[in-house]
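Residue numbers (my numbering): 10 to 184. Every residue gets a Cβ at the ideal spot worked out from N, C-alpha and C, and that includes glycine.
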Amino acid sequence: INETLPSLRSLGIEQLYPSPPTTPTPGAPTSSEQTLDRALYLTKIAKSILLKFLELIGVLSLDPSQFEPEIKALQTMFYNAHHLINEYRPHQARESLIAMMEDSIEAKRKEIEGVKEMKARVEETLSKIEEGKNGLTGPSNTGLMAQDEPVRGAAGNTKWEQERIWMALEDELSE
C-alpha cells in the first residue's frame, strides 16, 4: 500500500513549518536531519499551542465574543501537529517491523540452541550406552523384561538392548 499523505496546503490549511525538498540538492540536509527538523517543529508547535491556549483563556475572560480567531489559530496548530505526527507513521511502522523481525530471529536462535543442546545430550547418552553395550550380560537380573518372558536368541537380546536404550534416554532427557 503506497498511500501518500496529502499536504496541508492541498487541504486548504496553512502550513506552519517548511516542507522538505522534493528533490535532493547538493548540500541539503539528509533524511535523518529532516527528521530531526520535524521533531523540532513539532516541539515548537506544541509550545505555540500552549501559548495560544493561554491567550484564548485571556480573551474568554475579557470578551467571550472574540474567541473565534483564537480557536481557528489553535485548530490550525493542531492540524499541523497531527500532520507532522502522521509523517512519522511510515518510519514508525518500519521500526516496529524491524523490531518484530529481530525478536523472531532471536527466538529462532534460542530454539536452535535448545535443539543443539538436546542433540548433544542424546548423542552423549547413546555413546554411553554403546560403550556399556560390550559388557552386557543379559536381561535376567535387570527386571526390564517380564520374568515369564523367555529370551529367544538374538531377538530377545535386541529387545532387551532397545528397552535399556529407551530407559536410559528417558532418564537422561527427563532431567
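Spanning the alpha carbons of VAL131 and MET176 requires a straight line of approximately 12 Å.
With respect to the C-alpha of TRP169, the residue from ILE138, ALA55 and GLU181 having the closest C-alpha is ILE138.
Nearest in C-alpha terms to GLN24, of all of GLY141, LEU65, LEU69 and TYR88, is TYR88. Here the alpha carbons of LYS81 and GLY67 stand approximately 16 Å from one another.
For the options ASP180, ASP72, ASP112 and ARG47, the alpha carbon positioned closest to that of GLU96 is the one of ARG47. Distance check between SER183 and each of LYS53, MET127, GLU140 and PRO99 places MET127 closest, using alpha-carbon atoms only.
The C-beta of HIS100 has fewer than 16 other C-beta atoms within 10 Å across all chains shown, which makes the residue exposed. About 5 Å separates the CB atoms of LEU51 and LEU93; that is less than 8 Å, so the two are in contact. Spanning the alpha carbons of GLU120 and GLU104 requires a straight line of approximately 24 Å. Here the alpha carbon of ASP180 sits roughly 27 Å from the alpha carbon of LYS117. Residue burial is scored here from C-beta neighbours: LEU20 has fewer than 16 other C-beta atoms within 10 angstroms and is therefore classed as exposed. When LEU83, ASP72 and GLY123 are compared, the shortest CA-CA separation from ILE22 is found for LEU83.
For TYR26, the three-state secondary structure derived from DSSP is coil.
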